[in-house]
Structures are given as C-alpha cells and as structure tokens.
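Working notes, beginning with the structure itself.
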Amino acid sequence: MSANFERVLALYFMLLNGLVSMLGGFFVKEWLFASWVTILVAILIFACLQSVSNLLLGRLSGVFKRASIQIEALQQADFTYQLKPHYRSGAVAKFERELVALSDELHSQKARYNSHIYVIYQLIDKLPSPILVFDEDNKLSYANPAFEVIYHRSWQLEKGRDAQVLGLARDNDHWQFLNRTLNTSWTISSSEFYEQGKRYSLLIAMDIRKALRHQELTAWQNLIRVISHEINNTLTPVSSLAQSLQSKMTLPRDQQALSVIDQRCYHLQQFVGRFSELSKPLELHTKQVVLKDLLMSVKALIAQIYQDQTLLLDCTVRVCQCDPQLLEQALINLLSNAAEANAKQGPQGKTVSIQAGYQAAHVVITITDQGGGFANIENAMTPFYTTKSTGQGIGLTLSRRIIEQHEGSLTVSNGLHGAEVKITLPS
Numbered sequence: 004m005s006a007n008f009e010r011v012l013a014l015y016f017m018l019l020n021g022l023v024s025m026l027g028g029f030f031v032k033e034w035l036f037a038s039w040v041t042i043l044v045a046i047l048i049f050a051c052l053q054s055v056s057n058l059l060l061g062r063l064s065g066v067f068k069r070a071s072i073q074i075e076a077l078q079q080a081d082f083t084y085q086l087k088p089h090y091r092s093g094a095v096a097k098f099e100r101e102l103v104a105l106s107d108e109l110h111s112q113k114a115r116y117n118s119h120i121y122v123i124y125q126l127i128d129k130l131p132s133p134i135l136v137f138d139e140d141n142k143l144s145y146a147n148p149a150f151e152v153i154y155h156r157s158w159q160l161e162k163g164r165d166a167q168v169l170g171l172a173r174d175n176d177h178w179q180f181l182n183r184t185l186n187t188s189w190t191i192s193s194s195e196f197y198e199q200g201k202r203y204s205l206l207i208a209m210d211i212r213k214a215l216r217h218q219e220l221t222a223w224q225n226l227i228r229v230i231s232h233e234i235n236n237t238l239t240p241v242s243s244l245a246q247s248l249q250s251k252m253t254l255p256r257d258q259q260a261l262s263v264i265d266q267r268c269y270h271l272q273q274f275v276g277r278f279s280e281l282s283k284p285l286e287l288h289t290k291q292v293v294l295k296d297l298l299m300s301v302k303a304l305i306a307q308i309y310q311d312q313t314l315l316l317d318c319t320v321r322v323c324q325c326d327p328q329l330l331e332q333a334l335i336n337l338l339s340n341a342a343e344a345n346a347k348q349g350p351q352g353k354t355v356s357i358q359a360g361y362q363a364a365h366v367v368i369t370i371t372d373q374g375g376g377f378a379n380i381e382n383a384m385t386p387f388y389t390t391k392s393t394g395q396g397i398g399l400t401l402s403r404r405i406i407e408q409h410e411g412s413l414t415v416s417n418g419l420h421g422a423e424v425k426i427t428l429p430s
C-alpha cells in the first residue's frame with residue numbers, strides 16, 4: 004500500500020472519530036431537536052465507509068489477482084510473466100518484493116537445470132554405447148546416435164515406439180533383448196530418473212563381445228606360445244638331420260623322401276611363425292589420416308594383384324584417427340579375401356565394393372563381394388579355421404584384432420550375392 008494512501012486513510016478515521024464524539028455530546032443535549040441531523044450524518048458516514056471499503060477491497064483484489072497470475076505462471080514454469088510491484092512500502096509492498104524474488108530464484112534454478120541437462124545430453128550423444136530413454140508407458144523418448152549401431156537407423160524414426168516393438172523386454176527392473184543374437188552380444192544396464200514429475204527409464208547397452216573375445220584371444224595366445232615353442236624345438240633338429248642325411252643318400256627315392264621331410268618342416272615352421280603373430284602385442288601409432296587416400300592406395304595394390312577384379316570405391320569420410328600401417332594391413336587382408344572369393348565364382352564374381360561413410364558418430368567401412376558368402380559363418384572368425392586349401396585361418400582374426408585395438412569393431416555377414424565385412428571405427 005502506498006504511503007500517501009495510508010496517510011489519507013488514517014486522517015479519515017481521525018476525523019470520523021472526532022465527528023462521532025462530537026455527535027455523541029450533541030445527541031445528549033439536543034436529541035429531540037437534531038434527530039434528523041443525526042440520521043443524515045449516519046447515512047453520510049456509512050456512505051464514506053462503504054466507499055473507502057470498496058476502494059480498499061478493489062486495491063487488495065488487484066494485488067491478489069496479480070499474485071495469483073504470477074503463482075500460476077511459476078507452477079507452469081513460465082517465466083515470461085513477471086509481477087510489477089505497485090507499492091513502495093508497507094506489508095503489501097513486502098509481499099510483492101518477496102514474490103518477485105521467488106520468481107527470479109526459480110527462473111535462475113530452471114536455467115541452471117536446463118544448462119546441466121543440455122551438458123548431460125551432449126555427453127550422452129558423444130558416448131559410443133547405445134543409450135535409450137523410455138517414458139512411463141515404455142515408449143521411446145530419446146536415444147543417442149549410437150542407437151544406429153544396433154538398429155541401423157536413426158532413433159528419430161523410432162521415437163514413440165513401444166519397447167517391445169524395438170525388441171526389448173522388461174521383467175521388473177531387468178531389461179533384455181528379445182533377439183537371441185543381440186541378447187548374447189549385448190548386456191543392458193538400466194536405471195530410473197524423474198523429470199518434471201514424470202518417471203523415465205534409462206537403458207545403456209554394452210557390447211560384451213569384446214570382453215569375451217579378449218578372454219578367448221588370451222587363451223589362444225597362451226596355447227600358441229606353448230605349441231610354437233614345442234614345435235620349433237622339435238622341427239629344428241628334424242630339419243637339420245634331414246638335410247645332413249640327404250647328402251649321404253645315394254638312392255634318389257631316399258633323397259626325395261628326406262627332401263619332403265625338410266620341406267614340410269620348413270612349411271610347418273612358417274605356419275607356426277604366422278600363428279605366433281597373434282600372440283604379439285600391437286603397438287598403435289594413431290594420427291589423423293585422409294581416409295580416401297588410404298583406401299585408394301589399398302585399392303591400387305589389390306587391383307595390381309587381382310587384375311581380373313573390378314574394385315569400386317565410394318568414400319564420403321574426410322579424415323579418420325587410426326594407425327595407417329595397421330589399418331592398411333587389415334584392409335589388404337579383407338580385400339584379398341573378397342577378391343579370392345570372387346575368383347571361385349568364375350566370370351560372374353568380378354566386383355568388390357568398398358564404401359566408407361559416417362554412422363552414429365562412427366566411421367563405417369563396408370566391403371562386399373560376389374563370392375557366394377561364408378560357407379560356415381559361425382566359424383568365420385575362429386582362429387586357425389579356414390575353408391581355403393592354402394589358407395591358415397588367421398587373416399580375419401588378425402584384422403579384427405587390429406580394428407578392436409582402435410576401439411572399433413569388425414563384423415561379418417552374408418549378403419545377397421556374397422560376404423559383407425563391416426569395420427566400425429570412432430570418428
């Protein structure tokens with residue numbers, strides 16, 4: 004309430020009190036004579052009181068109306084409306100100042116909250132693991148770009164879809180994939196959080212294949228070291244004896260037999276030597292590489308070796324963080340496999356396709372051939388397993404190890420006409 008208004012109201016009540024006192028004495032002395040004056044003054048006093056009351060109630064009603072609008076806006080987290088104080092002093096002025104201060108504080112808290120949420124979602128978008136957010140009705144509310152690693156499409160196209168439609172099942176607080184392959188390849192961690200009074204479920208899918216392969220590779224490495232040691236200790240004296248005896252033999256048949264023994268010892272030592280590469284640690288020297296130049300270099304090398312093959316390259320990636328020598332080695336292995344698979348198909352298998360692009364904040368290199376696909380895809384990535392007559396079964400395994408050392412992944416599948424190998428690397 005303004006100071007002037009309060010002073011006027013106080014003066015009014017002082018005059019009213021004096022008038023009533025005067026009239027009291029007057030009534031005692033001149034009751035009969037001035038009764039009509041008394042009635043007239045009473046009516047006048049009542050009218051004045053009614054006018055002041057209406058004025059006071061009107062002003063108080065305006066204060067509460069503005070306060071009500073402000074509070075309703077705060078409840079809706081709408082800070083575009085701001086109460087403008089109408090009084091400079093008094094209880095109402097204090098009330099208005101406190102309401103404005105409350106609005107400013109809530110606005111500041113909301114701004115800090117939005118800032119924190121923005122940073123959190125920016126961080127989630129950069130994480131390589133797929134992260135999905137479902138609302139209370141198990142509808143997809145949000146996901147990071149790594150969603151494409153599992154579903155091979157943008158999460159925006161699936162927003163609002165039910166979890167079950169996306170192949171996810173919930174048993175109390177435990178989530179899992181309905182697809183058996185995904186369920187054995189990915190584990191899901193989940194938690195709940197509340198935002199603006201609504202409950203959400205946060206799911207983080209973690210690829211467990213790398214951990215399993217790391218254990219598998221460690222077991223293979225230990226086995227290879229033992230086998231290599233024992234075989235080399237055996238083959239070295241056998242090969243030496245065969246060479247010594249070969250010069251002493253006079254019969255061609257005996258010389259040929261010893262020559263075969265010596266050759267097989269040599270090939271077996273080479274065979275073991277190649278396997279021992281799997282047990283050697285890889286030391287990466289990563290740097291930014293223009294990926295198209297690297298792919299064109301590998302393509303030119305393969306084209307010289309397999310001149311009857313057509314190699315198609317489509318690269319939309321500018322740069323990639325990698326060890327160029329090791330990545331080249333992996334690509335040479337994979338492209339050689341593709342060209343050899345095509346050669347088995349005869350004239351109809353002549354094209355090897357190399358595509359490189361971005362997907363879910365990753366660089367994806369896809370190699371496809373027309374060689375009919377993997378005959379036994381379950382064992383395609385098993386060390387020492389091969390369907391080639393001259394193969395040793397470590398090309399794919401070594402290539403996958405190189406890619407995983409880059410914090411990436413290598414997967415194989417059968418396409419319409421041949422095999423497909425997909426390399427995924429951090430961008």
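Numbering (our numbering), first residue to last: 4 to 430. Glycine residues also receive a C-beta, built at the ideal position from the N, C-alpha and C atoms.
Distance, residue j Cα to residue i Cα
| i | j | result |
| --- | --- | --- |
| Ser132 | Ile207 | 7 Å |
| Leu226 | Ala172 | 40 Å |
| Arg321 | Val292 | 8 Å |
| Gln395 | Cys268 | Confidence at Gln395 is low in this model, with a pLDDT of 48, below 50, so its placement is unreliable and the value that follows should be read with caution. Taking the straight line joining both Cα atoms gives about 16 Å. |
| Ala346 | Gln259 | 34 Å |
| Trp158 | His232 | 52 Å |
| Glu151 | Asp311 | 36 Å |
| Gln179 | Asp372 | 34 Å |
| His420 | Lys162 | 33 Å |
| Lys87 | Arg115 | 24 Å |
| Leu261 | Gln218 | 41 Å |
| Ser300 | Cys323 | 15 Å |
| Tyr388 | Thr400 | Model confidence at Tyr388 stands at a pLDDT of 48, short of 50, so the residue's coordinates are unreliable; what they give is reported in the following sentence. Rounded to the nearest angstrom, the two C-alpha atoms are 10 Å apart. |
| Leu294 | Gln332 | 14 Å |
| Ala166 | Asn141 | 6 Å |
| Val103 | Ser188 | 55 Å |
| Leu254 | Leu248 | 12 Å |
| Ile405 | Ile234 | 27 Å |
| Tyr145 | Thr221 | 38 Å |
| Leu105 | Gln408 | 54 Å |
| Leu126 | Glu423 | 32 Å |
| His270 | Ile211 | 37 Å |
| Leu135 | His110 | 29 Å |
| Gly418 | Ser118 | 46 Å |
| Ala342 | Ile153 | 29 Å |
Per-residue burial, residue i [other beta carbons within 10 Å of its own, 16 or more giving buried]
| i | result |
| --- | --- |
| Ala363 | buried |
| Gln273 | exposed |
| Tyr197 | exposed |
| Gly411 | buried |
| Ile230 | exposed |
| Arg303 | According to the sequence displayed, residue 303 carries Ala and not Arg. Exposed, because fewer than 16 other Cβ atoms sit within 10 Å of the Cβ of Ala303. |
| Arg202 | exposed |
| Ser392 | Confidence is the limiting factor: at Ser392 the pLDDT is only 48, short of 50, which leaves the residue's position unreliable and the question unanswerable from this model. |
| Tyr121 | exposed |
| Asn236 | exposed |
| Leu35 | Low per-residue confidence applies at Leu35: pLDDT is 40, beneath 50, and the placement is therefore not dependable enough to give any value. |
| Phe30 | With a pLDDT of only 47 at Phe30, under 50, the local geometry of the prediction cannot be trusted, and the value read off the model is given with reservation. Counting Cβ neighbours within 10 Å, Phe30 comes out exposed, since fewer than 16 surround it. |
| Ser194 | exposed |
| Ser402 | buried |
Residue range of the unbroken beta strand (DSSP E) whose run includes residue i
| i | result |
| --- | --- |
| Ile370 | His365 to Thr371 |
| Val152 | Note, Val152: premise wrong, no beta strand (DSSP E); alpha helix (DSSP H) at Phe150 to Tyr154. |
| Glu198 | Trp189 to Glu198 |
| Asp317 | Thr313 to Cys318 |
| Val136 | Ile134 to Phe137 |
| Thr414 | Ser412 to Asn417 |
| Ala422 | Ala422 to Pro429 |
| Val168 | Element bounds for Val168: n/a, residue is neither H nor E. |
| Phe180 | His177 to Phe180 |
| Thr354 | Thr354 to Gln362 |
Alpha helix (DSSP H) segment containing residue i, residue limits
| i | result |
| --- | --- |
| Ala146 | It is not in any alpha helix (DSSP H) - Ala146 instead sits in the beta strand (DSSP E) that spans Leu143 to Ala146. |
| Glu331 | Pro327 to Lys347 |
| Leu210 | In the sequence under discussion, the amino acid at residue 210 is Asp, which differs from the Leu named in the question. Asp210 -> not in any alpha helix (DSSP H); beta strand (DSSP E) instead, spanning Lys201 to Asp210. |
| Lys295 | Leu294 to Ile308 |
Within-8 Å CB hit, residue i to chain D
| i | result |
| --- | --- |
| Val320 | This model lacks chain D altogether, as it is built from one protein chain only. |
Supposed contact pair residue j and residue i - C-beta distance, whole angstroms, cut 8 Å
| i | j | result |
| --- | --- | --- |
| Gly360 | Thr414 | The Cβ separation is near 16 Å, so there is no contact. |
| Phe137 | Ser204 | 5 Å |
| Leu297 | Leu329 | Going by Cβ atoms, the distance from Leu297 to Leu329 rounds to 11 Å, so no, they are not a contact pair. |
| Leu130 | Arg164 | That pair is no contact at about 21 Å. |
| Asp257 | Ser242 | At roughly 17 Å, the Cβ-Cβ gap does not stay under 8 Å, so Asp257 and Ser242 are not in contact. |
| Leu185 | Gly170 | 7 Å |
| Gln348 | Gly375 | 6 Å |
| Ile368 | Leu314 | 14 Å between Cβ atoms; not a contact. |
| Cys428 | Val366 | In the sequence under discussion, the amino acid at residue 428 is Leu, which differs from the Cys named in the question. Leu428 to Val366, Cβ: 5 Å. Contact. |
| Thr289 | Cys325 | 6 Å |
| Ile305 | Ser250 | Contact doesn't hold; Cβ gap of about 43 Å is too wide. |
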